[in-house]
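This is how it looks when you write it as structure tokens:
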């Protein structure tokens, strides 16, 4: 399928991601420690756990946006990050806002319309981002990710705000990405449409609670 | 890296000139210029239409107005990009914070320097400046506006995330811009054209240092 090729092309299929003994210190508190995971081409991992455990911090540590308190991340292949921030200029038409990232990531204009079609937003390409609904923004973000030509997708709560049909599309995108040799690391408190993925229950890596709460 | 720099500058310009409607308000570059012209317009009202007095002091007023105008865009330079997650996305793509700051400086200068220099022609007319004085003002502004843009980006990076960042930005910028004001306005005094050389030197120093400091500030702001 042409779409498959467009979305999975552009990164070497030797994507790999390995974390060894990661720990994260935020606000004087160890959120988690000893997190290790190893993902090769086509593999996926679902980081689970309730809110506030540090799933987002784990993603940001792996993305290099937060320093790891301990441990190391080694990766081969570029990363694409999807968190709660859409990172699309609110005043720009959707296609043009995506175009900024497409240019940075070396994707062609044709890829933008294909990525938009894959998340069912093709009809909104000329609508400024600020007029999109929450779910549409989230899908626009997924389009940005699939345009990124990155081998490693880091997705923080990718299913938040998506309706059933869109969650199925998310599953499609992730499956196609993995079929092309990509890696998906997704953090979510809810079930994700990820087949035979590793599960990382972050709660297992949270230090035992200290009895005298500093708050 | 150069290609990425070009893409970043391109976006800064699209937002500043309001092409396609920017998140920072369409055509954000206009406000500082209108402000600059407004100051030049009200000054004769305050001191009276004495052509000699205006001719002697008008150049200094243009410099003060330029400095004040450079404060206005500060609050929209970095904060919005942090809030939107643009900076995070750049960093994930391996772009350094210094490169981001450099792109912002160049983009900001292009939307601030040349329009200000054009507006200075009108101001010079309103303030009774001679052609020779106008030429010196224009050379001075050409030297100083890159430094004003770089200072603006650095202070925007430092104050991003602070609650009263906009007001603080003005207070921080003015003292740092004093050397530009002294050498710039001083070069208008007859027989002190060396002021332009000192202005160029001060401006070069600020233009080089500020993006590095701004990059460090953006990185520190991420925690």
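Chains as they are written, first to last, in the UniProt record's numbering: chain A, 1 to 215; chain S, 1 to 223. Glycine is no exception: its CB is placed at the ideal position from the N, C-alpha and C atoms.
Give the C-beta separation of residue i and residue j to the nearest angstrom, bearing in mind that I take them to be a contact with Cβ-Cβ under 8 Å.
{"i": "residue 139 of chain A", "j": "residue 121 of chain A", "result": "6 Å"}
{"i": "residue 167 of chain A", "j": "residue 159 of chain A", "result": "5 Å"}
{"i": "residue 124 of chain A", "j": "residue 112 of chain A", "result": "About 12 Å; that fails the 8 Å criterion."}
{"i": "residue 135 of chain S", "j": "residue 187 of chain S", "result": "With a Cβ gap of about 11 Å, residue 135 of chain S and residue 187 of chain S do not count as contacting."}
{"i": "residue 107 of chain A", "j": "residue 147 of chain A", "result": "5 Å"}
{"i": "residue 127 of chain A", "j": "residue 94 of chain A", "result": "6 Å"}
{"i": "residue 29 of chain S", "j": "residue 112 of chain S", "result": "6 Å"}
For residue i, tell me which candidate among the options has the shortest Cα-Cα distance.
{"i": "residue 54 of chain A", "options": "A:136, A:27, A:150", "result": "A:27"}
{"i": "residue 185 of chain S", "options": "S:38, S:62, S:78, S:100", "result": "S:62"}
{"i": "residue 89 of chain A", "options": "A:206, A:83, A:100", "result": "A:100"}
{"i": "residue 208 of chain A", "options": "A:29, A:17, A:21", "result": "A:29"}
{"i": "residue 85 of chain S", "options": "A:172, A:60, A:125, A:105", "result": "A:60"}
{"i": "residue 144 of chain S", "options": "S:13, S:12, S:208, S:49", "result": "S:208"}
{"i": "residue 194 of chain A", "options": "A:45, A:50, A:66", "result": "A:45"}
{"i": "residue 124 of chain S", "options": "S:38, S:181, S:92, S:204", "result": "S:38"}
{"i": "residue 192 of chain S", "options": "S:170, S:157, S:133", "result": "S:133"}
{"i": "residue 59 of chain S", "options": "S:93, S:152, S:181", "result": "S:181"}
{"i": "residue 201 of chain S", "options": "S:5, S:147, S:110, S:41", "result": "S:147"}
{"i": "residue 173 of chain S", "options": "S:28, S:72, S:32", "result": "S:72"}
{"i": "residue 101 of chain S", "options": "S:142, S:114, S:131, S:6", "result": "S:6"}
{"i": "residue 136 of chain A", "options": "A:149, A:64, A:116", "result": "A:116"}
{"i": "residue 51 of chain S", "options": "S:130, S:164, S:219", "result": "S:130"}
{"i": "residue 104 of chain S", "options": "S:154, S:159, S:114", "result": "S:154"}
{"i": "residue 214 of chain S", "options": "S:158, S:222, S:28", "result": "S:158"}
{"i": "residue 203 of chain A", "options": "A:16, A:79, A:187, A:87", "result": "A:187"}
{"i": "residue 164 of chain A", "options": "A:67, A:141, A:192", "result": "A:192"}
{"i": "residue 17 of chain A", "options": "A:34, A:41, A:33", "result": "A:41"}
{"i": "residue 160 of chain S", "options": "S:64, S:140, S:75", "result": "S:75"}
{"i": "residue 64 of chain A", "options": "A:92, A:24, A:49", "result": "A:24"}
Mapping DSSP to helix, strand and coil, what is residue i?
{"i": "residue 75 of chain A", "result": "strand"}
{"i": "residue 32 of chain A", "result": "strand"}
{"i": "residue 24 of chain S", "result": "Any reading at residue 24 of chain S must be qualified, since the residue scores a pLDDT of 47, below 50, and its modelled position is unreliable; no value is offered."}
{"i": "residue 21 of chain A", "result": "strand"}
{"i": "residue 184 of chain A", "result": "strand"}
{"i": "residue 40 of chain S", "result": "helix"}
{"i": "residue 136 of chain A", "result": "helix"}
{"i": "residue 158 of chain A", "result": "coil"}
{"i": "residue 149 of chain A", "result": "coil"}
{"i": "residue 191 of chain A", "result": "coil"}
{"i": "residue 61 of chain S", "result": "helix"}
{"i": "residue 206 of chain A", "result": "coil"}
{"i": "residue 47 of chain A", "result": "strand"}
{"i": "residue 189 of chain S", "result": "coil"}
Under a CB-based cut-off of 9 Å, is residue i close to chain A?
{"i": "residue 86 of chain S", "result": "yes"}
{"i": "residue 221 of chain S", "result": "no"}
{"i": "residue 77 of chain S", "result": "no"}
{"i": "residue 16 of chain S", "result": "no"}
{"i": "residue 8 of chain S", "result": "yes"}
{"i": "residue 56 of chain S", "result": "no"}
So that I know if they touch, is there some Cβ in chain S lying closer than 9 Å to that of residue i?
{"i": "residue 174 of chain A", "result": "no"}
{"i": "residue 231 of chain A", "result": "Here chain A comprises residues numbered 1 to 215, so residue 231 of chain A is not present and cannot be evaluated."}
{"i": "residue 124 of chain A", "result": "no"}
{"i": "residue 89 of chain A", "result": "yes"}
{"i": "residue 101 of chain A", "result": "yes"}
{"i": "residue 63 of chain A", "result": "yes"}
{"i": "residue 80 of chain A", "result": "yes"}
{"i": "residue 92 of chain A", "result": "yes"}
{"i": "residue 66 of chain A", "result": "yes"}
Does residue i come within less than 9 Å of chain B when only Cβ atoms are used?
{"i": "residue 185 of chain A", "result": "Of the chains in the structure shown, none is chain B; the protein chains are A and S."}
Could you tell me which chain S residues have their CB closer than 8 Å to the CB of residue i, listed as they occur along the chain?
{"i": "residue 83 of chain A", "result": "85, 88"}
For residue i, go through chain A and note every residue whose CB falls closer than 8 Å to its CB, in chain order.
{"i": "residue 153 of chain S", "result": "Those within 8 Å of residue 153 of chain S in chain A number zero; the least Cβ separation is about 18 Å."}
{"i": "residue 93 of chain S", "result": "78, 104, 105"}
Quick one: list the residues of chain A neighbouring residue i, beta-carbon separation under 7 Å, in chain order.
{"i": "residue 4 of chain S", "result": "104"}
{"i": "residue 163 of chain S", "result": "Correct list: empty, because the minimum Cβ distance to chain A is about 19 Å."}
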